[in-house]
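Numbering (UniProt numbering), first residue to last: 1 to 447.
To start, the structure under review is shown below, and the notes come after it.
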């Protein structure tokens, strides 16, 4: 498996074509390769209008990382995959204990993969910032009891009790009650990893609904859609909710009929297909599943979007990224041994061993394609998603985790009542789905 690490400093250097070049030939080579990947063959003089402060924030974050590397995807050679390894303290002026952060992103070109990777890195680093300047005193915002129902507060209390610990226990952060248009506050322990407490363990759900983006609205919408995706995935995987077929017309609309051959480039090492796992919320959600030619080596990607086509494309790309992760796990095992694998890698290994393409009926689309959902006719923006969830009696909240040292918008969102995944929590919503289930669930975690 081929990995190419970029020389430190090359990302910011790529933003200054025409300036005096560094003497290091490797730095010059990588900076030019990055510039071409991000901006194509545009003349240097035309680049400035296309590079705002956000682009520079991404480039600076990449240069602060311990390592940024490009990985050749063995099963998807037409895909670009960028990975990152760093320590939160390299990006924050006031960080707590040392915390290793890894991230990855893929796309049809270098720019898409780079932005996805660094965006994910920003999310994970931002959740390790003390956010000291943004803590608030009790009483400076509307109490949750005036914003949320007792049922919603109980759902947040479940999240708070699901393994949260550490020095954030008594701190609060300002929150936006998006459905009500009001300001409130949420416990910092719901949003941030334990700070200054190396022994504390973060709850499994801490990353759900945390998203970055080019602007706050994009990040908040992405976070809310992740809650919808994880809820739908739980009802499918854990409760045995039957999936639907994805229409061929949706594949065309998503551009997958041209993207798949571009990504696979004639390789037949994997078999993959799409499942419509949209829940009763009627916000399109798709799972893309992939197996080795012999029916083993299961990986999956899932995504919720305002349209089925957008969900299908995002799920397929996510699946391809996990295919790369599978090879990285194999590389780790061959170099450090299976006993040194982390919890996430071991969970992947368990799925590889248990999930068989022919054995489990929830991996086959057993229902006909659904008609287009009402939200697909909307604008699909943040307001449309919040309004759609409100019709299902679901409240939306968001906490701004953006840190000035990074400058990339990051928000942690919540939709109380939806089933988190991964999590030890079992909501009444999941229990109801299990009672109505028609197919056996698979007895290994999906995440």
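Every residue gets a Cβ at the ideal spot worked out from N, C-alpha and C, and that includes glycine.
In this text, all values refer to a predicted model and were calculated from it rather than measured experimentally.
With a beta-carbon spacing of about 6 Å, residue 405 and residue 91 fall inside the 8 Å limit used to define contacts. Contact between residue 351 and residue 286 is ruled out by a C-beta separation of about 19 Å, above the 8 Å threshold.
In the three-state scheme derived from DSSP, where H, G and I count as helix and E and B as strand, residue 220 is classed as helix. Here DSSP, grouped into helix, strand and coil, assigns residue 236 to helix.
In the structure shown, residue 189 adopts helical secondary structure according to DSSP, grouped into three states.
As DSSP reads the structure, residue 102 sits in a beta bridge with 85.
In this structure the stretch 54–61 does not touch the stretch 289–304; the number of beta carbon pairs closer than 8 Å is below three. The beta-bridge partner set that DSSP reports for residue 68 consists of 84. Contact between the stretch 313–321 and the stretch 249–262 is present: 3 or more CB-CB pairs across the two stretches fall below 8 Å. Leaving aside the five residues that flank residue 62 on each side, the residues in its chain whose CB is nearer than 6 Å to its CB run, in chain order, 11, 68, 118. DSSP, reduced to helix, strand and coil, places residue 332 within a helical segment of the structure shown. Using a Cβ distance threshold of 9 Å, residue 190 and residue 160 count as a contacting pair. Put simply, the backbone Cα of residue 334 is about 33 Å away from that of residue 275. The bridge partners DSSP lists for residue 2 come to none. The beta carbon of residue 7 sits closer than 6 Å to the beta carbons of 26, 27, 30 from its chain, once the five residues preceding and following it are set aside; these are given in chain order.
Collapsing the DSSP output to three states places residue 275 in a strand. In this structure, DSSP gives residue 367 an extended state, which the three-state scheme calls strand. In the DSSP annotation of this structure, the continuous segment of the alpha helix (DSSP H) that includes residue 145 starts and ends at 144–147. If you compare the alpha carbons of 366, 367, 73, 387 with that of residue 374, the shortest gap goes to 387. For residue 303, the uninterrupted beta strand (DSSP E) run begins and ends at 299–304, by DSSP.
Around the beta carbon of residue 288, 16 or more other beta carbons lie within 10 angstroms, which makes this residue buried. The beta carbons of residue 283 and residue 244 sit no closer together than 9 Å. A distance below 9 Å separates the beta carbons of residue 238 and residue 430.
The straight-line gap separating the alpha-carbon atoms of residue 3 and residue 110 is approximately 15 Å. Residue environment: residue 262 is assigned as exposed (fewer than 16 neighbouring CB atoms within 10 Å of its CB, all protein chains considered).
Judged by beta-carbon spacing, residue 357 lies within the 9 Å limit of residue 298, meaning their Cβ atoms are closer than that value.
Fully enclosed alpha helix (DSSP H) runs of no fewer than 4 residues occupy 248–253, 256–264 of the stretch 247–297, in order along the chain. Counting the other CB atoms within 10 Å of its CB gives residue 295 a total below 16, which places it among the exposed residues. Here the C-alpha atom of residue 236 lies approximately 45 Å from the C-alpha atom of residue 15. Residue nearest to residue 270 within the set 391, 280, 290 is 290 (criterion: CA-CA distance). Fewer than three Cβ pairs drawn from the stretch 145–158 and the stretch 361–378 lie within less than 8 Å of each other, which leaves the two stretches out of contact.
In this chain, the beta strand (DSSP E) harbouring residue 176 covers 172–177. If you draw a 10 Å sphere on the C-beta of residue 215, you find fewer than 16 other C-beta atoms in it, and that means exposed. Distances from the alpha-carbon of residue 436 to those of 241, 85, 79 put 241 closest. Partner residues in the beta bridge of residue 107, as assigned by DSSP, are 80. Between the C-alpha atoms of residue 368 and residue 310 there is a straight-line separation of about 19 Å.
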